[in-house]
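Chains A and B supply the protein sequences, listed in that same order. In terms of our numbering, the first sequence opens at residue 1 and continues consecutively. In terms of our numbering, the second sequence opens at residue 1001 and continues consecutively. Working notes, beginning with the structure itself.
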Amino acid sequence: MSAKNSLARLSFLIFGFAFLYVPILSLVFYSFNKSRLVTVWGGFSTEWYGRLFENQQILEAAWLSLRVAAINATGATVLGTLAGLALARFGRFRGRTLLSGMTTAPLVMPEVITGLSLLLLFVTTEQAFGWPEGRGVSTITIAHITLTLSYVTIIVQSRLASLDVSLEEAAMDLGARPTRVFLLVTLPIISPALVSGWLLAFTISLDDLVIASFVSGPGSSTLPMVIFSKVRLGVSPDINALATIMVSLVTLGVVIAGFVMLRRDRARQRDLQMALDAPG
Amino acid sequence: MASSAADSASVRQAWNDPTAEPYIRIEGVTKSFGDFVAVDDVSLNIFKSELFCLLGGSGCGKTTLLRMLAGFEEPSSGRIFIDGLDMCGIPPYQRPVNMMFQSYALFPHMSVEQNVGFGLKMEHRSRSEIAGRVGQMLELVRLEGFGKRKPHQLSGGQRQRVALARALIKQPKLLLLDEPLAALDKKLREHTQFELVNLQEQLGISFVVVTHDQEEAMTLSSRIGVMDHGRIVQVGTPKEIYEFPGNRFVAEFIGSVNLFEGQAAAEQDEDGHLCFACPELERPVHVARGAGPAPQGRIWVAIRPEKMQLSLAPPPAAANWTQGRVKEIAYLGDLSVFLVALQSGKTIRVTRPNVMRHDDQGITWEQQVYLHWHDSSPVLVSE
């Protein structure tokens, strides 16, 4: 390999990483800017982090977003698991195609349309039944469950499709009724898929701006909505600080997940060695 | 071919006793999936303490039949009785039957002890009773000290034994085994075959084994049911199936065989032989006649390779021999296989045990040889 060639490769690598991470790093960098003007460096300071934690509006919005995301993720995981189970295990029942089509519809539907249709639904039901009384946390949560349900369903369905059916049959053969088979065998085995489904639903909800804007009411602005409305009036440095905190949390999560996976891989290799060493 | 270990002594031949009550009665069972008929009008009796093998190629319906016994499939028509009870509509978890799966289906998130004890836990037995019986089962399959391991920490043979222990712990009256040895290597498989037979005799419960491996079926079973295209083609002891195949499919499926097409003739010579002319053989074939009526129409004369003898000099008899040229010789250690081309162009397979270290006849490639057989060796089979 010539030196010229390896130089080209190295520059491609650097360019690739720069493309991905320079925007984030510049954001982190400017979050420590003393100046009020975002793009003018005025010396190092953690002033904006202090300001951030004094800003009641942002703190409340963050807390609201986390609550909505957690409730949404839990609800979507429960419903999505049931839907995935029905699609993967109940054979060809009446309306199966309809169910499978409807659960995946929100994936391909533009968010604006999902948001608008849910808003119309909530307004209509309020007029007809008096529920929901105004829009707020509950309507955002319901809307998010509608959206994220499809992700969980697909994850669970594909996990179940790759799960050996004879495991469930073996449990049944040993005297377990269908509910016990599900609780003692199926659920523990697919639990990693449920965890990833929950996390995906959580992040999608935390991230959503469009649907939340449609179905939220007064006093129930989520974090993305607050950030977006602030940015419209010009970027303020405390948003940089907030973004830096979020990026750090995500990075920490990814690093921990990677570390756990590495350890599990090593344990598996050790087990394999043990099985090979065993006689008979 | 090893003769059955089980039919030698211990199992009373219940299937020959007209008063014996079958433990499993399958009556005219058919199972179809859409247009495809997987099991076609099968009737079968299996008796207590029997080790019954369902033998057939892939897609012959043997596994579907087994799954109907376990309760995972319902027959489209016909009925299944186990111990006198109609199994129609009874779910798997209420049947007095346990199954060992081909993939073993060990629960990956449970230890060996938890896997084996699962069936008792479903019966809400006390913790101390479960622990005691799990210990006994692990002792039975010689896996003491492996109780705390997870399935992925075991070798293939150990997993197979865990699956067996788990299926046996509820002391079922009937154990179903789906290709129990398919995932093991050859050496381990031979060893395990005899272990399974011993275990079955020790526990005295009925085994129904599904397999595509004829040698495995011959070694294990008291009786074999040969299946083809969803139907039971022949039921019999391994010896009956091998020596008296009921039709051409069974003759070709079990072991290897030389088949010669012929026309059935009513001719008999003075010794009571049935006489045939086969176009592919030069000499007539004389078959010692059993009871039964003379066969009609198109038939095949089937002769097993080990029942033919080779010689360099022409045999004195007028019938039951032919000649050809040696095309291939395969030395397998315990026996040698000769492929002999007849003048008609047909290739015949002959095996000869290597009794002596040196072949005194010195038959080699391209040599002209004579093949002859006893009049009791050929079997007549129809389509």
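We put the CB at the ideal spot given by N, CA and C, even for glycine. Source: prediction; values computed, not measured.
Residue environment for A:M225: buried (at least 16 other C-beta atoms within 10 angstroms of its C-beta). Of all alpha-carbon atoms in A:G197, A:E169, A:V195 and A:A8, the one lying nearest the alpha-carbon of A:L184 is that of A:E169. For B:P1305, no alpha helix (DSSP H) encloses it, and the DSSP letter there is neither H nor E. Only P1092, Y1093, N1098, M1099, F1101, S1103, A1105, F1107, P1108 and H1109 from the stretch 1086-1113 of chain B bring a Cβ to less than 7 Å from some Cβ of chain A. DSSP, read as helix, strand or coil, puts B:W1015 in helix.
For B:Q1193, the uninterrupted alpha helix (DSSP H) run begins and ends at K1186 to L1203, by DSSP.
In the displayed model, A:G258 falls within a helix according to three-state DSSP. The alpha-carbon separation between B:L1138 and A:L194 amounts to approximately 34 Å. By alpha-carbon distance to A:E47, the top candidate from A:A267, A:L272 and A:I239 is A:I239.
Among the residues facing chain A, B:S1155 is included, as its CB has a counterpart in that chain under 8 Å away. At a cut-off of 8 Å, the C-beta of B:K1170 has a neighbouring C-beta in chain A. In this structure B:T1211 is in contact with B:E1179, their Cβ atoms being roughly 6 Å apart against a cut-off of 8 Å. The three-state secondary structure of A:S150, taken from DSSP, is helix. Chain order gives the chain A residues near B:A1070 as D173, where near means a beta carbon separation below 7 Å.
B:M1308 sits away from B:V1369, with the two beta carbons spaced by 8 Å or more. Burial state of B:E1282 is exposed, judged by a 10 Å Cβ sphere holding fewer than 16 other Cβ atoms. About 6 Å separates the Cβ atoms of B:K1048 and B:S1206, confirming a contact at the 8 Å cut-off. Going by DSSP, B:P1353 is part of the beta strand (DSSP E) stretching over T1347 to P1353. Per DSSP, the beta-bridge partners of B:K1031 are B:V1039. The continuous alpha helix (DSSP H) containing A:W48 extends over residues E47 to E54.
With respect to the 8 Å criterion, B:D1083 and B:K1170 are not classified as neighbours on the basis of their beta carbons. For A:M274, the C-beta contacts it makes with chain B under 7 Å involve Q1153, in order along the chain. For B:H1286, the closest of B:D1017, B:D1271 and B:T1237 by C-alpha to C-alpha distance is B:D1271. For A:G197, the enclosing alpha helix (DSSP H) begins and ends at L187 to D207. Any Cβ of chain B closer than 8 Å to the Cβ of A:V185 would place that residue at the interface, and such an atom is present.
Remark: C-beta atoms of B:A1038 and B:G1056 do not approach each other more closely than 8 Å. A Cβ-Cβ distance of about 17 Å is found for the pair A:I227 and A:H144, leaving them out of contact under the 8 Å criterion. The closest CA to that of A:G219, considering only A:Y49, A:R94, A:L64 and A:R9, is found on A:L64. If you compare the alpha carbons of B:P1075, B:L1051 and B:T1219 with that of B:F1033, the shortest gap goes to B:P1075. Here DSSP, grouped into helix, strand and coil, assigns A:V40 to coil. Of the candidates B:E1261, B:W1321, B:P1151 and B:Y1104, B:P1151 places its Cα closest to the Cα of B:S1111. Counting only runs of 4+ residues, the alpha helix (DSSP H) found wholly inside the stretch 88-151 of chain A occupies 96-108 and 111-129, in chain order.
Against chain A, the CB of B:F1036 has no partner CB under 8 Å away; the residue lies outside that interface. Among the residues of the stretch 1116-1137 of chain B, those with a Cβ less than 8 Å away from any Cβ of chain A are F1118, G1119, M1122 and E1123, in the order of the chain. Under the DSSP assignment, A:N33 falls outside any alpha helix (DSSP H); it carries neither an H nor an E label.
By the rule that beta-carbons nearer than 8 Å mark a contact, A:A176 touches chain B.
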